[in-house]
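In what follows, a single structure is set out as structure tokens and then discussed.
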Amino acid sequence: MIKYIFSVERNDSIYLFDVLEDIGANDSYRKICQERALTSEIITTLTCDLTVYRVGSVGEDTVLPGVETDEDILHCEEHFPVIEDISEAYKYKHSFLIVRETETPAGYVKLQLVLSNIPRRKIHWHLCNDYFVNVLKIDFKSYFTIDRFGRIVHYDLLSDDNNIPGLFRYKNRPAATLAHKVDMVVGYRCTKWPAMAQEWRSRHRCNGWPTNEMIDTLKSLGVFVVRKGHLTSQEEDIEWRISFCLQERKLIFNLTDVQ
């Protein structure tokens with residue numbers, strides 16, 4: 001019975017491979033599309049203040065030739081790095097510190113403002129406001145608030161997508177949509193693998209995929225945080241979601257046509 005099932009699955013895979021080859025969705029096509037997306041990222045990044053990544057089905061090239069779909073683009077705001085360990089704060093003039101409560105949903109965090117190596121709290125509000133308004137020329141009150149533990153936390157993107165013609169982002173949605181064709185997400189970069197995801201790296205894998213070497217590569221990519229709170233959370237308006245989009249794309253790039 002097992003041999004029969006394996007034979008059927010193998011025949012199905014061969015048939016699917018032939019179909020994909022006939023319509024042009026083969027390995028050569030995928031590699032060309034992937035290289036085109038990566039080249040476009042580099043060129044676009046060199047011409048703007050944000051680091052640009054093409055993610056989703058178009059960037060990963062999981063779209064069949066001739067099929068129209070929307071494009072997902074992630075803009076990374078590099079001026080405010082995200083850290084999980086306050087001992088790393090000395091590297092930056094300002095940063096965001098990942099903080100979580102015991103009841104914070106998995107995959108979600110809050111971002112506490114750090115200035116001069118110090119996680120800022122309610123007593124520092126006026127000092128932080130003066131720094132943002134006078135030095136950074138940013139309206140502090142439009143992007144920061146105080147959580148129930150007295151921390152100054154970031155609650156909305158410093159990059160205002162709603163000022164771009166034709167681009168609009170709904171509340172508690174990470175993506176802004178442009179002309180129903182492009183979903184644009186702005187996020188912040190954390191260069192370290194998050195502590196809450198450590199178990200994923202060491203869990204037992206029956207089939208050995210991804211390999212340990214691939215897991216190390218995925219870890220080195222870091223993660224992003226994007227503006228999205230958990231729908232059932234009491235702190236939905238000030239939560240951010242961890243995004244592993246670069247890891248997802250890397251894994252997709254290493255799949256075969258049939259997979």
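For the sequence shown, the UniProt record's numbering gives the first residue as 1, with consecutive numbering after it.
We put the CB at the ideal spot given by N, CA and C, even for glycine.
Bear in mind that the values here come from a model prediction, so they are computed numbers and not experimental data.
query, result
"Only counting runs of 3 or more residues, tell me where the beta strand (DSSP E) segments fall wholly within the UniProt domain \"Mab-21-like nucleotidyltransferase\" (181 to 252), in order along the chain.", "182 to 190, 223 to 226, 240 to 243"
"Taking contact to mean 3 or more Cβ pairs, one atom from each stretch, closer than 8 Å, check whether the segment 136 to 143 and the segment 95 to 103 are in contact.", "no"
"Indicate whether Ile152 and Gln112 have their beta-carbon atoms separated by less than 9 Å.", "yes"
"Drop a sphere of 10 angstroms on the beta-carbon of Phe244, count the other beta-carbons inside from all chains shown, and report buried for 16 or more, exposed for fewer.", "buried"
"With distances taken between CB atoms, is the gap from Arg54 to Glu35 smaller than 9 Å?", "no"
"Which of the three DSSP states is assigned to Leu97 in this structure?", "strand"
"Note down, in chain order, each residue of its chain lying with its Cβ closer than 8 Å to the Cβ of Glu84, except the 5 sequence neighbours on either side.", "Leu97, Ile98, Cys190, Lys192, Pro194, Ala195"
"Are Leu251 and Phe224 touching if we call contact CB-CB under 9 Å?", "no"
"Assign Thr102 to one of three DSSP states: helix, strand, or coil.", "coil"
"If we count the other Cβ atoms within 10 Å of its Cβ and call it buried at 16 or more, is Gly56 buried or exposed?", "buried"
"Under the three-state reduction of DSSP, which class applies to Lys137: helix, strand or coil?", "coil"
"Measuring straight from C-alpha to C-alpha, what distance separates Lys93 and Gly208?", "42 Å"
"Have a look at Lys122 and Ile146 and give me their C-alpha separation to the nearest angstrom.", "7 Å"
"What is the DSSP secondary structure of Cys128, counted as helix, strand or coil?", "helix"
"With a cut-off of 8 Å on the beta carbons, I'd call Val186 and His75 a contact; round off their distance for me.", "5 Å"
"Kindly indicate which three-state DSSP category Arg120 falls into: helix, strand or coil?", "coil"
"Would you check whether the ligand ATP has a heavy atom nearer than 8 Å to the C-beta of Glu78?", "This structure lacks the ligand ATP; in fact it carries no ligand of any kind."
"If you draw a straight line from the C-alpha of Tyr188 to the C-alpha of Ile242, how long is it?", "10 Å"
"To the nearest angstrom, report how far apart Pro105 and Ala197 are at their CA atoms.", "13 Å"
"If you measure between the beta carbons of Tyr108 and Glu239, is that distance less than 9 Å?", "yes"
"Would you list the one or two residues that DSSP bridges to Ile73?", "Arg54, Met184"
"For Leu221, which residues of its own chain have a beta-carbon under 8 Å away from its beta-carbon, when the five flanking residues on both sides are left out?", "Leu246, Gln247, Lys250"
"Would you kindly work out how many angstroms separate the C-alpha atoms of Cys128 and Leu255, rounded to a whole number?", "47 Å"
"Which partner residues does Arg151 have in the DSSP bridge list?", "Arg121"
"Count the other CB atoms, across all protein chains shown, that sit within 10 Å of the CB of Phe132; report buried if there are 16 or more and exposed otherwise.", "buried"
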